[in-house]
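Undergrad: Numbering (this note's numbering), first residue to last: 50 to 140.
1. Rounded to whole angstroms, what is the Cα-Cα separation between residue 120 and residue 104?
2. Starting from residue 80, trace the alpha helix (DSSP H) both ways and give me its first and last residue.
3. Residues in the same chain with beta-carbon distance under 7 angstroms from residue 135, minus the five sequence neighbours each way, listed in chain order, please.
4. With DSSP as the reference, please indicate the residues paired to residue 106 in a beta bridge.
5. Which first and last residues belong to the beta strand (DSSP E) in which residue 136 is found?
6. State buried or exposed for residue 66, treating a residue as buried only when at least 16 other CB atoms are found within 10 Å of its CB.
7. Please list, in chain order, all residues of the same chain as residue 93 whose beta carbon is under 8 angstroms from its beta carbon, the five residues on each side excluded.
8. State the Cα-Cα distance for the pair residue 106 and residue 64, rounded to the nearest angstrom.
Shown next, in the form of structure tokens:
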């Protein structure tokens with residue numbers, strides 16, 4: 050079935066934007082997907098971009114910092130993204 054879908058649709062590339070408040074776990078999720086393991090990370094200043102491949106889909110994942118001073122800049126990242134993920138932490 051996977052070979053049929055690949056032949057029909059080819060490889061796809063999608064851009065994913067991850068947004069959320071500071072310390073919500075966006076960077077941890079990104080690197081868990083990319084590396085397959087949890088890492089300890091520092092607060093993101095600006096953004097991280099990584100490519101994650103799953104089956105025949107290549108995801109370009111943009112992880113944007115969540116600090117209050119950075120949030121007004123989020124709107125500049127919306128254009129051209131196929132998907133938005135909003136990360137929240139629950140205490």
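Backbone N, C-alpha and C define an ideal beta-carbon position, used for all residues, glycine too.
TA: The structure says:
1. For the purposes of this step, residue 120 is identified with residue 71 of the chain shown, where counting begins at 1. For the purposes of this step, residue 104 is identified with residue 55 of the chain shown, where counting begins at 1. Using only the alpha carbons, I get a separation of about 33 angstroms.
2. Here residue 80 corresponds to residue number 31 of the chain shown, with the count starting at 1. Where residue 80 is concerned, the enclosing alpha helix (DSSP H) stretches over 75 to 84.
3. Indexing the chain shown from 1 puts residue 135 at position 86. Excluding positions up to five away in sequence, the list reads 68, 69.
4. Mapped onto the chain shown, residue 106 falls at position 57. Answer is 61, 103.
5. Taking the first residue of the chain shown as 1, we reach residue 136 at position 87. Its beta strand (DSSP E) spans residues 132 to 136.
6. Residue numbering aside, residue 66 sits at position 17 when the chain shown is read from its first letter. Buried is the call here.
7. Within the chain shown, residue 93 is the residue found at index 44, counting from 1. Taken in chain order, the residues that qualify are 75, 76, 112, 113, 114, 115.
8. The residue labelled residue 106 in the question sits at position 57 within the chain shown. The residue labelled residue 64 in the question sits at position 15 within the chain shown. Those two C-alpha atoms are separated by around 11 angstroms.
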